[in-house]
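What the sequence shown shows, in mature numbering (1 follows the signal peptide of the UniProt record, and there is no 0), is residues -26 to -1, 1 to 154, in sequence order. Report on the following structure.
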Amino acid sequence: MDDGKRPLLLAVVLISIAGLFQTASAVEHIVGGEGHGWALATENYFDNWAAGQDIRVGDTLKFTWSGTHDVVQLSTADTQACNVVGNKFNKWTSPGVSVPLQTAGTFGYVCSIGTHCNDGSMRMTVTVKATGNSPPAPFWETSPPPPGSVFTPGTSSDSSFGSPPFIVALVVAIATLIVE
């Protein structure tokens, strides 16, 4: 390889790697905000909080609380109806749980303790926006799975030609061909 072309190849490789890290950045969202967390609130507090967030695939929702609460993931219809009997996709009982958001779509979360959901204070619908490499929205948003089945959001093992590692490899291969 010509010594004059090495800086060009190095620049292309470094820019590609920097782009990879930029697309991989994720945000941890403290549900309800730093000062509030997952606690009793006014009606629609958490829906309003979620609507004000830019939540994307790869981000996490961190549920922090004190006292007696839990987090139950439901379909959006069951979230609005507070229908937790037999319809849980996931349930977490320890405060400080971080829920990874690996799939674009709309997800519902409630507290199933007492009337915390029914009074409207501890239920939330979250819209997770796609990124350039996001899997499609889950099929169960319009028709929930049968009772008793468990769903883990965003477990996709699909590889994609649009994924950051593939793009970096492609750019490096093209740059190598150009400078030789």
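By construction, the Cβ of each residue, glycine as well, lies at the ideal position given by its N, Cα and C atoms.
- Annotated three-state conformation of residue 63 is coil, per DSSP.
- Using a Cβ distance threshold of 8 Å, residue 35 and residue 82 do not count as a contacting pair.
- Our two residues, residue 91 and residue 63, have alpha carbons roughly 16 Å apart in a direct line.
- Residue 39 and residue 80 have their C-alpha atoms roughly 23 Å apart.
- For the pair residue 20 and residue 50, the Cα-to-Cα distance works out to about 14 Å.
- Under the three-state reduction of DSSP, residue 50 is assigned to helix.
- For residue 53 and residue 86, the gap between their C-alpha atoms comes out near 10 Å.
- Within the same chain, 29, 30, 31, 33, 75, 77, 78, 79, 80, 81 come within 8 Å of residue 102 by CB-CB distance, once the 5 residues on both sides are set aside.
- Just so you know, the alpha carbons of residue 2 and residue 66 end up roughly 17 Å apart.
- Contact annotation, residue 15 with residue 95: C-beta distance approximately 5 Å; criterion of less than 8 Å satisfied.
- Ranked by Cα distance from residue 84, the first of 56, 41, 7, 151 is 56.
- The shortest C-alpha to C-alpha distance from residue 58 to any of 70, 69, 68, 45 is the one to 45.
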